[in-house]
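Counted the way our numbering counts, the sequence shown spans residues 1 to 333.
Have a look at the structure below, then the notes.
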Amino acid sequence: MILTDDIATTGTQCVLPTEADPDDPDAAFALIDSGAREGVAGALLTITGILGGAPRAVGTQMAVLADGRYCGQVSGGCVESAVASVSLRCLARGRDENLRFGAGSPFLDVRLPCGGGIDLHVHVQPDLDVVREVRRKLRSREPFSIVLSPDAPEPLKIAGSVIGARSGTREGRFIRHFHPPTRLLLNGDGHEAATLTRLAVAAGIPTTQLLPFRGEANRIAVLEGSPAFSDRSNFTDLSIDPFTAVAFLTHDVLQETELLRAITTLKPFYIGMLGSKRTHARRISELRNAGLGEADIQSIRGPIGLFGPTRTAADLAISVLAEIADARLRLDG
């Protein structure tokens, strides 16, 4: 365990956060990868335990380079510079360390305002083949995990994962699960769809139009680099997976039936439908008549949104995104 005065004895070297998104799971690995290409060693930091309250989940990661650059957050921005400074000493020593910050920590001058504590594992100079394979899997939306085994011949390796698996310590090894981030497939092109697209994009959720509408929602998606639309005759290009949300902001029940029969077979974690309770009851009747199974019918939410009825496009968009976020939290366990 590193002692308190290590922060003070790090030397005159400064630590500097990068502009990487702390919620991007690729950020830490990207920094280590780019540092290695520059000849700069790096360390991967992982929250392995939480005491009391903490703003970040077990498994959250940071990266620190030997030149002082770092990215990611293991708190609400309260201790990151101190954590990065201590990690520089780990890199200089060339060995992994387990640290605690906050409650119960020997770092008496570094506290978490929430009163909690976090345990961190600092893994110095991680295997670059593993780092680059992690990045490849993240790009391809493959669920997987990494296993930290400090005393093993391979202290960092890649393993499989399942939906709902939680990061944590198992038999002396720490397992960090990676599941693809949420993306949104949207059917609709009016003011409500445009507002939902804006909010989704602002929240970092890639948004794709289901049908080739040409209105404002489509323009927003294109400007943000999302696919403009999908071909309704070929659903294979949608690449819907268990981490995709689908929102219908239209009222065409007959068109919906055809689309839903195809989409439900792909098992997105969320399907939400605009309309009143009466409209949704009629929709369910149409789906039953079309031969859709009861389990698939029950997976369709209507009326869409976590709260309502809403009377403005902004309220509807907030309600829909809140319901999607709630469904994703439940999926992740």
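Even glycine gets a Cβ: it sits at the ideal position worked out from N, Cα and C.
Supposed contact pair A41 and Q125 - C-beta distance, whole angstroms, cut 8 Å: 5 Å
Beta-bridge pairing of E97 - partner residues as DSSP gives them: Per the DSSP secondary-structure output, E97 pairs in a beta bridge with V122.
H179 - DSSP class collapsed to helix/strand/coil: coil
First through last residue of the alpha helix (DSSP H) which encompasses K157: Following the DSSP letters along the chain, one finds K157 in no alpha helix (DSSP H) but inside the beta strand (DSSP E) bounded by residues L156 to A159.
Segment contact flag, the segment 311-319 with the segment 151-163, C-beta cutoff 8 Å, min 3 pairs: no
Proximity test, T207 beta-carbon vs the ligand GTP heavy atom, cut-off 7 Å: You won't find the ligand GTP in this model; it holds no ligand whatsoever.
Touch test, the segment 261-281 against the segment 240-247, Cβ-Cβ under 8 Å, three pairs minimum: yes
Cα-Cα separation, P143 to V86: 32 Å
Buried versus exposed call for L329 [16 or more other C-beta atoms within 10 Å across all chains shown]: exposed
Integer Cβ distance of H280 from G308, believed to fall under 8 Å: Cβ-Cβ separation between H280 and G308: approximately 12 Å, too far for a contact (criterion under 8 Å).
Rounded straight-line distance, which links the Cα of R183 to that of A325: 11 Å
Beta-carbon spacing of D332, H179 below 8 Å: yes
V58 in three-state terms, based on DSSP: Of the three classes helix, strand and coil, the one that applies to V58 here is coil, per DSSP.
Helix, strand or coil at T207 [DSSP, three-state]: strand
Beta-carbon contacts of A20 that lie in its chain and below 6 Å, excluding the five residues immediately before and after: A27 and C71
8 Å contact criterion, which A290 and T257 should meet: CB distance rounded: 5 Å
Extent of the continuous beta strand (DSSP E) to which S145 belongs: F144 to L148
Collapsed DSSP secondary structure at E193 in the structure displayed: For the sequence presented, residue 193 should be read as Ala rather than Glu. Of the three classes helix, strand and coil, the one that applies to A193 here is helix, per DSSP.
Contained beta strand (DSSP E) runs [length at least 3] in the segment 269-300, N- to C-terminal order: DSSP runs (the beta strand (DSSP E)) wholly in the segment 269-300: 270-273.
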